[in-house]
Structure formats: C-alpha cells, structure tokens
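In this note's numbering, the protein residues as written are 8 to 401. Yeah, the Cβ is synthetic: ideal placement off N, Cα and C, and Gly gets one too. Bear in mind the structure is a predicted one, so any value in this text is a computation, not a measurement.
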Amino acid sequence: MRAAAVLPLLLVAAWAEPASAHVERFAVLIGNDIGTPEETPLRYATADALRMQTVLRELGGFEPFNMVLLRNEDAATARSTLLSMNERIREAVARPDTDVLFLVYYSGHADARQLHLGDSELPVRELAQIVRGSAATFRLVVLDACRSGTLTRVKGGRVVDPFALPDDRLPGDGLAYLTSASASEDAQESDRLQGSFFTHSLISGLMGAADRDGNGSVVLEEAYRYAYDATRRATSRTRAGTQHPTFRYDFRGSGQLVLTRPGAQPHTRGRLLLPSGMSFMLMREDEDGAVVAELSSRAPRRELSVRPGRYFVRARGTDVLFEGEVRVGAGASRQVDPAEMRRIEYAQLVRKGEGRARLAQGPEAGMRVRSPLPNEAQECIGAFGDYAVDFASV
C-alpha cells in the first residue's frame with residue numbers, strides 16, 4: 008500500500024425525457040502516477056482515471072466526444088483542457104432548453120495546496136475556481152487526494168438528505184465536493200485492489216452496490232455513503248490509518264442528482280445477482296485478474312452491473328470461503344449460487360506432516376521481566392517454563 012493523492016471532480020445527472028430539457032454531460036479525467044522527485048511514483052492513478060471514465064461512459068450517460076482523459080500530463084495541459092471544456096460548456100448552455108453537467112476527476116499526488124503533476128503544480132484553489140466559474144448547470148468535485156479535505160473544511164463535510172431532482176432537469180446553480188480524505192489524512196492505494204481504496208469503493212457503488220432503495224439508480228448521497236463506509240472499513244487495517252471521506256455542497260434548487268443508472272443498460276452490460284449474508288469480491292477473468300468491484304455483506308442492494316465476460320468470484324461467509332468462475336452475457340442476468348462454487352474452509356493452524364488437529368500442545372520456556380515488588384527497587388528478571396494445551400473450542 009502506498010499513500011496516494013487522487014483528486015476527482017465528479018458530476019453526473021439524470022437522463023432527459025424526450026419532451027423535456029436536454030441534459031449534456033462533460034467530463035475531464037486526470038490521472039498522474041508521477042509526482043515531485045521526492046515522491047514515490049504511484050502505480051494505479053492513471054488506471055483509476057481510466058476506470059472512472061469507463062463507468063461514467065457506460066452507466067452515467069456521458070458521450071465519448073464530451074470526455075477528455077489526461078494521463079501523466081503536466082499542469083499547463085490540465086489547466087488549458089479545463090478552460091477549453093468551460094468554453095464548450097458555455098456554448099452548450101446557450102442552446103435552448105439545455106442543461107449541462109460537468110465532471111472533473113483527478114488521480115495523482117497532491118498536498119493540501121497543490122496537485123503534483125510531474126514536476127509541475129496546479130493549485131487546488133485554482134482548480135476549484137475553474138470549476139466554480141463554469142457555466143454548467145451543476146458541477147460536482149470529487150477529490151481522492153492526500154489532504155483533499157481542505158476543500159470541504161470551510162463549512163465542514165456532513166451527510167444530508169439527498170436532493171430531489173426531477174428526471175428532466177438538473178438542479179440550478181449547483182456545486183458539490185466529494186473528497187477521499189480529511190484535511191490531515193493521506194489517501195492510499197492498494198496492490199491487492201490495483202487502485203486507490205476510495206476510487207475502488209466509489210466505482211463499486213456506482214456499479215450498483217450503493218443503490219440502497221433498489222430503484223436501479225445511484226444518487227450522490229448513496230454513492231458517498233457507500234464509499235465512506237467501504238473506505239473506512241478497508242483502510243482501518245492499513246499502516247497509514249483510517250481515511251475519512253468528506254462531503255459538501257452549495258446548491259440552490261431541489262432535486263435528486265443521479266450519478267449512474269446500473270439498470271438502464273440491459274443490452275450492453277450484464278447483471279450479476281449476489282446472495283445476501285456474504286461479502287463478495289469480483290476479479291476479471293481469474294483470481295489473478297484486476298479487482299472489478301467489491302460488495303459488503305451489509306449492502307442492501309445485491310446486484311452489480313458488469314461488462315459481459317468471465318469473472319472470478321470470491322465470497323466470504325461467516326465460517327467458510329466460496330470461490331468460482333461465472334460468465335455474464337450482454338443483456339443477461341446471472342445468479343451467483345454458492346452451492347455451485349468451490350467450498351474452502353478457512354485456514355487453520357496444524358502441525359506439519361499431520362492432518363487436522365483438535366488441539367495443539369507442548370512445553371514453553373522463556374525469560375520474563377516484571378515491575379519491582381513494593382519492597383524492591385529493581386525489576387524482577389527470571390525464567391519461566393510451562394506446558395500449554397490449546398483446544399479447538401477455546
């Protein structure tokens with residue numbers, strides 16, 4: 008695991024009805040593995056940006072010609088791309104009966120003040136100003152970066168009830184920030200996940216895991232809550248410590264901001280149905296493939312929208328592990344049945360050369376140091392010996 012700085016700005020909206028206002032979606036996704044000379048290169052920042060682009064295109068309704076992916080570019084290129092996109096957005100807003108959604112995603116090294124794009128820097132404040140100055144109807148900033156919480160610290164990040172957005176329009180004059188860590192924390196990436204903890208959790212949520220009410224759509228508040236819980240749970244076991252994603256928005260109007268609709272692509276993607284009571288990890292092709300998504304045992308929605316293909320599924324139950332491969336076809340639903348998977352007992356401590364043991368026993372010896380007795384000034388140092396027996400049920 009390596010501390011990662013990933014600064015995403017994410018915006019997604021509802022599909023427009025034929026007789027309603029047209030919603031046009033724009034996105035700039037920036038991934039940088041290389042930071043300053045003093046910073047260790049990241050492994051998965053550019054891959055995270057590519058994965059986010061794919062999910063937004065396939066489940067968020069973004070057209071490829073309205074998306075720009077920058078990988079390992081410098082600050083000048085990122086700045087000019089953002090400004091050029093603002094020009095295109097200004098032209099789109101001028102068209103009659105058109106709403107515009109703007110998304111910017113950054114994955115790479117950063118500190119509390121600067122994004123580190125190789126040996127160049129883009130101030131976080133300047134990035135926020137460019138997005139805030141956009142003519143887009145709604146703008147969402149998602150920061151998966153070290154100290155990214157500086158953008159939400161002004162008013163504090165707190166979870167609120169989701170917006171109530173009609174399907175035919177976006178909320179007026181909206182701006183939201185979603186960050187991967189607080190103002191004093193490092194963001195982290197994982198070799199096991201082949202990506203950052205926060206982006207991995209967010210993408211899993213956008214694929215359907217965050218759909219708490221089961222209506223087939225993932226709204227902003229649902230995505231944040233899922234990413235928050237999953238990121239905290241995963242990073243609580245790392246050396247760098249627990250990450251705490253934050254959330255803040257400034258917006259006038261009413262509405263529910265839909266980020267993705269996993270159930271709206273029946274012909275281009277497949278649907279994986281997972282039983283309750285177990286957590287699932289999904290890998291592409293085989294058990295050594297990239298982790299595609301993760302579903303907590305507590306997730307109320309037991310369905311993931313995936314690309315057609317072959318996947319390796321690992322399910323963790325209370326006292327047993329299940330593993331197996333599944334194939335998902337385009338437009339098809341596949342139910343995962345643990346009875347059809349390989350059952351694996353959790354690893355147990357056994358003596359070499361023997362089978363399963365109900366107890367372990369043997370002599371123990373060593374040195375022991377204890378605090379001084381009340382009538383002594385020095386510690387008590389001495390040897391000890393015993394015979395220990397460990398039973399399976401104790």
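For this session: Can you tell me which of the three DSSP states R375 falls into?
Result: Strand, per DSSP.
Exercise. Can you name the start and end residues of the beta strand (DSSP E) that S340 belongs to?
Worked result: Membership of S340 in the beta strand (DSSP E) is indicated by the continuous run S340 to Q342.
For this session: Can you say whether I388 is buried or exposed, counting buried as having 16 or more other CB atoms within 10 angstroms of its CB?
Result: The residue in question, I388, is exposed, as its Cβ has fewer than 16 Cβ neighbours within 10 Å.
Problem set entry | Buried versus exposed call for L77 [16 or more other C-beta atoms within 10 Å across all chains shown] | Within a 10 Å sphere around the beta-carbon of L77 sit 16 or more other beta-carbons, which makes this residue buried.
Exercise. If you draw a straight line from the C-alpha of T267 to the C-alpha of G115, how long is it?
Worked result: Cα to Cα, T267 sits roughly 24 angstroms from G115.
Problem set entry | Chain-order list of residues whose beta-carbon lies under 7 angstroms from that of L380 (same chain, five-residue window excluded) | Cβ within range, chain order: C387.
Problem set entry | Inter-residue Cα distance where the pair is M59 and P48 | So the two alpha carbons sit approximately 20 angstroms from each other.
Problem set entry | F398 (DSSP reduced to helix, strand or coil) | Annotated three-state conformation of F398 is strand, per DSSP.
Exercise. First and last residue of the alpha helix (DSSP H) that includes A217?
Worked result: Following the DSSP letters along the chain, one finds A217 in no alpha helix (DSSP H), marked with neither H nor E.
For this session: Tell whether a beta-carbon distance below 7 angstroms holds between V111 and A99.
Result: At a Cβ-Cβ threshold of 7 angstroms, V111 and A99 do not count as neighbours.
Exercise. What is the rounded straight-line gap between the Cα of R341 and the Cα of L264?
Worked result: The straight-line gap from Cα to Cα measures roughly 29 angstroms.
Exercise. Taking D218 as the reference, which of S211, E229, S208 and L209 has the closest Cα?
Worked result: Answer by Cα proximity: E229.
For this session: Assign I210 to buried or exposed, taking buried as 16 or more other Cβ atoms, counted over all protein chains shown, within 10 Å of its Cβ.
Result: By the neighbour-count rule (16 or more Cβ atoms within 10 Å), I210 is buried.
Problem set entry | Status (buried if at least 16 other CB within 10 Å, exposed otherwise) for L289 | The residue is buried, with at least 16 neighbouring Cβ atoms inside 10 Å.
For this session: Drop a sphere of 10 angstroms on the beta-carbon of F72, count the other beta-carbons inside from all chains shown, and report buried for 16 or more, exposed for fewer.
Result: Burial check for F72: the Cβ neighbour count within 10 Å stays below 16, so the residue is exposed.
Exercise. Roughly how many whole angstroms lie between the Cα atoms of Y233 and R239?
Worked result: Distance between the alpha carbons of Y233 and R239: 10 angstroms.
Exercise. Taking buried to mean at least 16 other C-beta atoms within 10 Å of its own C-beta, is L90 buried or exposed?
Worked result: The Cβ neighbour count for L90, taken over all protein chains shown within 10 Å, is under 16; the residue is labelled exposed.
Exercise. Taking one C-beta from the region 301-318 and one from the region 273-283 each time, how about it: are there three or more such pairs within less than 8 angstroms?
Worked result: Contact holds: three or more Cβ-Cβ distances are below 8 angstroms.
For this session: Along the beta strand (DSSP E) that carries D106, what are the first and last residues, could you check?
Result: That run of the beta strand (DSSP E) goes T105 to S114.
For this session: Return the first residue and the last residue of the alpha helix (DSSP H) that T84 is part of.
Result: Per DSSP, T84 belongs to the alpha helix (DSSP H) from A82 to A101.
Exercise. Closer than 6 angstroms: is that where the CB of T47 sits relative to any heavy atom of the ligand COA?
Worked result: Ligands in the displayed structure: none, and consequently the ligand COA is not present.
Problem set entry | Where E383 falls: helix, strand or coil (DSSP) | E383: coil per DSSP, three-state reduction.
For this session: For L266, decide whether its Cβ has a neighbour in chain C, counting only Cβ atoms nearer than 7 angstroms.
Result: Given the protein chain composition of this structure (a single chain), no chain C is represented.
Problem set entry | Spatial neighbours of E371 in its chain, beta-carbon cut-off 6 angstroms, leaving aside the 5 residues before and after | So the list reads D393 and A395, once near-sequence residues are dropped.
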